[in-house]
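Here the protein sequences line up with chains A, B, C, D, E and F, keeping their order. Per my numbering, numbering of the first sequence is gapless, rising by one per residue and ending at 249. Per my numbering, numbering of the second sequence is gapless, rising by one per residue and ending at 498. Per my numbering, numbering of the third sequence is gapless, rising by one per residue and ending at 747. Per my numbering, numbering of the fourth sequence is gapless, rising by one per residue and ending at 996. Per my numbering, numbering of the fifth sequence is gapless, rising by one per residue and ending at 1245. Per my numbering, numbering of the sixth sequence is gapless, rising by one per residue and ending at 1494. Encoded as structure tokens, the structure appears first; notes follow it.
Number of protein chains: 6
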Amino acid sequence: MRINVINPNSTPSMTALIRRSAERVAFPGTVIETHNPLSTPASIEGHADEAMSVPAMLDLIRAGERAGIAGHVIACFDDPGLGAARETARGPVVGICQAAVQVAMTVAARFSVVTTLPRSVPIIEDRVESYGAGHRCRAVRAVDMPVLALEEDGEDAIARLVRQIEAARDQDRAEAVILGCAGMSDFCATLTARTGVPVIDGVIAAVKMAEGLVHAGFHTSKLGSYDFPRPKAPAHGAAGAGSIASATR
Amino acid sequence: MRINVINPNSTPSMTALIRRSAERVAFPGTVIETHNPLSTPASIEGHADEAMSVPAMLDLIRAGERAGIAGHVIACFDDPGLGAARETARGPVVGICQAAVQVAMTVAARFSVVTTLPRSVPIIEDRVESYGAGHRCRAVRAVDMPVLALEEDGEDAIARLVRQIEAARDQDRAEAVILGCAGMSDFCATLTARTGVPVIDGVIAAVKMAEGLVHAGFHTSKLGSYDFPRPKAPAHGAAGAGSIASATR
Amino acid sequence: MRINVINPNSTPSMTALIRRSAERVAFPGTVIETHNPLSTPASIEGHADEAMSVPAMLDLIRAGERAGIAGHVIACFDDPGLGAARETARGPVVGICQAAVQVAMTVAARFSVVTTLPRSVPIIEDRVESYGAGHRCRAVRAVDMPVLALEEDGEDAIARLVRQIEAARDQDRAEAVILGCAGMSDFCATLTARTGVPVIDGVIAAVKMAEGLVHAGFHTSKLGSYDFPRPKAPAHGAAGAGSIASATR
Amino acid sequence: MRINVINPNSTPSMTALIRRSAERVAFPGTVIETHNPLSTPASIEGHADEAMSVPAMLDLIRAGERAGIAGHVIACFDDPGLGAARETARGPVVGICQAAVQVAMTVAARFSVVTTLPRSVPIIEDRVESYGAGHRCRAVRAVDMPVLALEEDGEDAIARLVRQIEAARDQDRAEAVILGCAGMSDFCATLTARTGVPVIDGVIAAVKMAEGLVHAGFHTSKLGSYDFPRPKAPAHGAAGAGSIASATR
Amino acid sequence: MRINVINPNSTPSMTALIRRSAERVAFPGTVIETHNPLSTPASIEGHADEAMSVPAMLDLIRAGERAGIAGHVIACFDDPGLGAARETARGPVVGICQAAVQVAMTVAARFSVVTTLPRSVPIIEDRVESYGAGHRCRAVRAVDMPVLALEEDGEDAIARLVRQIEAARDQDRAEAVILGCAGMSDFCATLTARTGVPVIDGVIAAVKMAEGLVHAGFHTSKLGSYDFPRPKAPAHGAAGAGSIASATR
Amino acid sequence: MRINVINPNSTPSMTALIRRSAERVAFPGTVIETHNPLSTPASIEGHADEAMSVPAMLDLIRAGERAGIAGHVIACFDDPGLGAARETARGPVVGICQAAVQVAMTVAARFSVVTTLPRSVPIIEDRVESYGAGHRCRAVRAVDMPVLALEEDGEDAIARLVRQIEAARDQDRAEAVILGCAGMSDFCATLTARTGVPVIDGVIAAVKMAEGLVHAGFHTSKLGSYDFPRPKAPAHGAAGAGSIASATR
């Protein structure tokens, strides 16, 4: 079984980090493939970064489907383009936020999320709510570090994460904590060890979910809103990237 | 990895049926064990049947934990005693309703459920809502057959299920349909084939979820509401089953 | 009119305490009967304790119905087995949590709950939400004492309760406070007097609700999900308590 | 104990009808008083009729409090001015919609409401939702008769009500039906008898709730939003009714 | 285009203040008319004050409609009588709370509200929830000053508002703040300047919304619950204001 | 005041149609500019079409901001990229779905939406829910025509729309109907005339909302989640459009 784990940003070291986590937990028969687009933002911190990443991510989904990939994981905690990816694929598509939330709802009655920048907090709150876990989620917290800084200063990142996880346990009465960024995946075991709190990494959660769905034969439903996109070209043929037509008054 | 699939009712033929589904989809390394209590109702159709099944089911969970079971599946669509089982176990505990809902939310934007008796409809609606999928669930439908009748007259059961699944597709615009009773598990492939609708069986969903959780090292959180029950005896020693103390005026 | 007030745990001193509260507020014509099972946990602190109490509690409901009891009160704040009890009875069945919430929604726009152990907080939150008062409930607080310690050290209990009630008033802006454990019933008047906050005891609330329902002629609806359980024996006859059948691979 | 049952519209025959229902179910020690304002609309069918009824209704609450009334019932299914009445009274104030919903949530898992005119449907839906029963309410139906027509042609009213109650049972799978207008109170027993469906009348529900609250010593909380209105005169002294000041450009 | 901005309380200086804000932002072609009733409370602080203001406010709506007013603004943050006003008018009726919430949901992902007295907090929470912004609203805060004190001591009011707005930004992570009282309208620009937080005034929001609706030709729908009130007199003719009929036992 | 009305698909005839509607309702002083990208899908029917349209749409927003545009309208009913656009702009950004919902919530208590293809129904349901109008929206209906077919056979489109609008009025009891596609904008007046139902077009609603916001001086909040995207290049420099980097195992 080949699982495609896509990092929608363009930072290869982050893709490598995601790969390490995915391979560590994959079943023996699973082949983990990891990809990232070249042209997308170096990290995804907000709606616009998400939007700039999705078209190239969909190309990777499409390429994977042609190449016999059985299931797809979107390894960015905002789950950018999840609906679009499901339209594009016949195999199941798992977002790391949704998968982490599903694990959290299974192993704990209440959880909190810890992410990178405060600006992502409302985005993640909305995702968690749309996955039906708003009433289970005590808080979405932020360590106030950009995504790429997690790699640059791992010790600082871990110290800040420990602080927020302990606050989640003590102030929020969270029974588990979800890491709200794929770039935190490497710290997961360390954080559980240091805090005693069950820490849930979405990359791990999503890989296991994808393996299970594929092995059991589940596909994305093509009845209704996740049907393949209707084939269509731009109205006037493809123009060069970035060129803009305007029909101003 | 040993997964304990517990049928909380006392009907061995239903346990055998559940076992067939579980084994069909288990990963090669997974050992599926199936159990049912002897003393519980022959089928679970309502709150009282649930309540009468849970204490003996918890005994099976406890026995499994002692015997080295890694994860537990509760194979009744009402997910009876799910919270109690999670308190009792260190391994993850997966209910077939919750697991089916999680699969449905991954492969479809809207789904319906088809269960046995109309009296179970509000119970299942409440479960689906508590798992955060109320807004994704178009309807809970009933074929109006008791649980054990599914086995007795399989052809009638399939005909009624096909009718409801087609109604879910055409009237509810459901993109997938969940089978709302463990006793329907055997029909799953047939129903997908006959209707073209992705049909989701909770036994299959839960086994895959449990395997993934165990393999990735997830446990039930013991911080907070799923902590082990505080040890306590009855206030006046154990009395014979069914005996009742009263302190009437 | 005979009202059955059932303490689902097996501690007679707690049953006596509940009886005192119930009798203090009953109408002249009401006969309060109190019961507790002998075989259930000494206190109910979590899902598993609940589950272990319900079957014997249903026996008491059934016995009461045969004996001409007109209405039933379940005197544990988790409202364990409420649905099962309603299936079992023709008379109305009132849970002390639901009744307290209904009183709170009538006399105050916002309320908080104070319970015993932190582990019960999510359970009570979910109950309050299911009774439709999530948006009215400011917080569920815990004094961090086991249920039976309330009796053992009443002065400490009152001091802790006063602290939490004042916090509910000052920090949550609660307009009333619900006592989240039947074992706190005796303290109700004292707590109102000391804090000036309207304190609502579920035992009192439920007795009045039950009297009113019975006197007006309301019964539990037998159309649909609260219909009597379908009669059924275990599939293989009743086995001795605790014996377990397994059909292991 | 004196309970004030206020009909906020100005139709004395409807007040008399409400009185009959209230007296039929009152406990022996309860004195039912009924009142209606003279100056309000003859029936309440919409937001504006509600608004025109509340000030005079508050006068009746205030007069009742001065006269030693212990509890108040607002006998219009829109529960007009419920918050304002609670600010005005120290005794508990019960609305017939809220009380009926509380009874329905106790004796049935799902219910429907049948009211008079279609224009009231969204108003009642919003009330039911605000009382936390949106997920329990299958539908709000209308017989499409004005309020006062209920009295004029009782046989037609009963026939239409039977039709809607049966539709609620068969199409909505309602387990109980609430009568969505105080003017239907007289038909309650007949409707239950003809349809076999438990029919809940808000006047009855509210009287029992009010009796219970008063007897147990509950008052409206004066901490927070139901505190007495701050005393204040119009900025420029009371003008004749209907006179209008304008400060047009 | 003539827009009627109604201050439902009877304080002319507050009407003048509202007028200043409305005129400051009106389009050149808009004629702002402002009105207040003479007989209503001097300020609106709670449900009862609201109720006492609505009948005279509806008279002003009716008078406006006869005089050719195209759209109406209710300039009290509780949006008292909004449904009744919509029944009464053919032109669109905009409440300043609803309009402010709509602006906030357009320019910010999360917002807080700052109002006058703590007793208004639950009222505003309920309004915000009914407008569908409960999940976007971080908190409703109060400066703990009566409405009319805002005018009397503007510097104190501004200082308290600044404190709460900064708390909303720093503790709630609000991205914008809504002023929860029409009497704060004059401070809006100052508060934005002092705090750097986008501050939204409902009077401004509502005037712009009303202008847009009118100019585009929108009217209040007369299909259903906002249809004109059915014409009806009091059952026994109009009595003098305040006179009370009673049909006591 | 210059308002940028962006059609995110690449079909110029649809841009022209949108322009006609926008100009018809604009205030005299408003300059309407309309734009569409050249490279996006010819119509937007699903998540993937949305995703393929957003990057070029953001370029148009950015270009508009540089050129002195004061406010932006996204003229596709899915409101694609609304959050990303708000991050990108200082001026307010109005989506036609959100604006239509806000108008509907002002002029009607309940509404339905009529869109093109059934596959868009869940997408629109989720948008409406996220704008807080789930409880006000009776149904999202589809005429089952692709977007571009609306132009090709206007008479058929109008006939199908009339049928669905009448069903919304009669079966859903909708008090107003929202047109769920920018391409229906031209039919708005005709549909109101033929059905007597208030029909709300999002293009019109959004233009009026944008004018009002701009004229009153509102901007998108830059505190928090709508702050400008943090500047960042792709990790490895920009590659040619469509080229894909992979770091496969």
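For glycine and all other residues, C-beta sits at the position ideal for the given N, C-alpha and C.
Taking only three categories from DSSP, how would you classify residue i?
i: Ile-44 of chain A; result: coil
i: Thr-1216 of chain E; result: coil
i: Gly-1377 of chain F; result: coil
i: Ser-112 of chain A; result: strand
i: Ala-737 of chain C; result: Confidence in Ala-737 of chain C is poor, its pLDDT being 41 and thus under 50, which makes the residue's placement unreliable; the coordinate value appears in the next sentence. DSSP places Ala-737 of chain C in coil when its eight states are reduced to three.
i: Val-946 of chain D; result: strand
i: Val-280 of chain B; result: strand
i: Ala-1033 of chain E; result: Just to set this straight, residue 1033 of chain E is Pro in the shown sequence, not Ala. Of the three classes helix, strand and coil, the one that applies to Pro-1033 of chain E here is strand, per DSSP.
For residue i and residue j, I'd like the C-alpha separation in whole angstroms.
i: Pro-1230 of chain E; j: Ile-753 of chain D; result: 16 Å
i: Gly-252 of chain A; j: Glu-65 of chain A; result: As displayed, chain A neither begins before 1 nor continues past 249, which places residue 252 of chain A out of reach and without an answer.
i: Glu-400 of chain B; j: Ala-568 of chain C; result: 40 Å
i: Pro-1004 of chain E; j: Asn-1032 of chain E; result: 6 Å
i: Ile-18 of chain A; j: Ala-75 of chain A; result: 8 Å
i: Thr-1360 of chain F; j: Ile-1410 of chain F; result: 11 Å
i: Thr-758 of chain D; j: Leu-829 of chain D; result: 20 Å
i: Ala-803 of chain D; j: Ala-810 of chain D; result: 11 Å
i: Ala-880 of chain D; j: Arg-359 of chain B; result: 24 Å
i: Asp-308 of chain B; j: Arg-479 of chain B; result: 16 Å
i: Ala-459 of chain B; j: Phe-326 of chain B; result: 16 Å
i: Ser-719 of chain C; j: Cys-935 of chain D; result: 15 Å
i: Ser-1049 of chain E; j: Gly-1042 of chain E; result: 11 Å
i: Ala-657 of chain C; j: Met-643 of chain C; result: 12 Å
i: Ala-423 of chain B; j: Thr-693 of chain C; result: 54 Å
i: Ser-541 of chain C; j: Arg-1372 of chain F; result: 47 Å
i: Ser-39 of chain A; j: Arg-119 of chain A; result: 23 Å
i: Gln-849 of chain D; j: Phe-774 of chain D; result: 20 Å
i: Val-310 of chain B; j: Ala-454 of chain B; result: The sequence shown places Ile at residue 310 of chain B, not Val. Straight-line Cα distance between these residues: approximately 19 Å.
i: Gly-1233 of chain F; j: Gly-1208 of chain E; result: Given a span of 1246 to 1494 for chain F in the structure shown, any question on residue 1233 of chain F remains unanswerable.
State the start and end residues of the unbroken beta strand (DSSP E) segment that holds residue i.
i: Ile-252 of chain B; result: 251–255
i: Ala-674 of chain C; result: 674–677
i: Ala-482 of chain B; result: That residue, Ala-482 of chain B, is in no beta strand (DSSP E); it is neither H nor E in DSSP.
i: Thr-355 of chain B; result: Segment 345–356 is the alpha helix (DSSP H) holding Thr-355 of chain B; no beta strand (DSSP E) there.
In the DSSP assignment, the alpha helix (DSSP H) including residue i goes from what residue to what residue?
i: Ile-318 of chain B; result: Neither: Ile-318 of chain B is in no alpha helix (DSSP H) and is coded neither H nor E.
i: Ser-1383 of chain F; result: At residue 1383 of chain F the sequence reads Arg, which differs from the Ser that was named. Looking at the DSSP string, Arg-1383 of chain F is not in any alpha helix (DSSP H); the run it does join, the beta strand (DSSP E), is 1382–1387.
i: Pro-12 of chain A; result: 12–25
i: Asp-654 of chain C; result: 652–668
i: Ala-324 of chain B; result: Premise fails: Ala-324 of chain B is in no alpha helix (DSSP H) and is neither H nor E.
Near residue i, which residues of its chain fall below 7 Å by C-beta distance, leaving aside the five closest residues on each side in sequence?
i: Val-1448 of chain F; result: Ile-1263, Ser-1266, Ala-1267, Ala-1320, Ile-1341, Ala-1427 and Ser-1430
i: Val-854 of chain D; result: Ala-923 and Pro-945
Near residue i, what residues of its chain come up, given a Cβ to Cβ distance below 6 Å and the 5 sequence neighbours on each side ignored?
i: Arg-418 of chain B; result: Val-446
i: Gln-886 of chain D; result: The identity of residue 886 of chain D in the sequence shown is Ala, whereas the question assumes Gln. Correct list, in chain order: Ser-859 and Asp-919.
Quick one: measure Cβ to Cβ for residue i and residue j, integer angstroms, because I've assumed they're closer than 8 Å.
i: Ala-582 of chain C; j: Ala-300 of chain B; result: 4 Å
i: His-713 of chain C; j: Met-499 of chain C; result: 7 Å
Going by the C-beta, is residue i closer than 7 Å to any heavy atom of the ligand ATP?
i: Glu-1420 of chain F; result: Absent from the structure shown: the ligand ATP. Ligands present: none.
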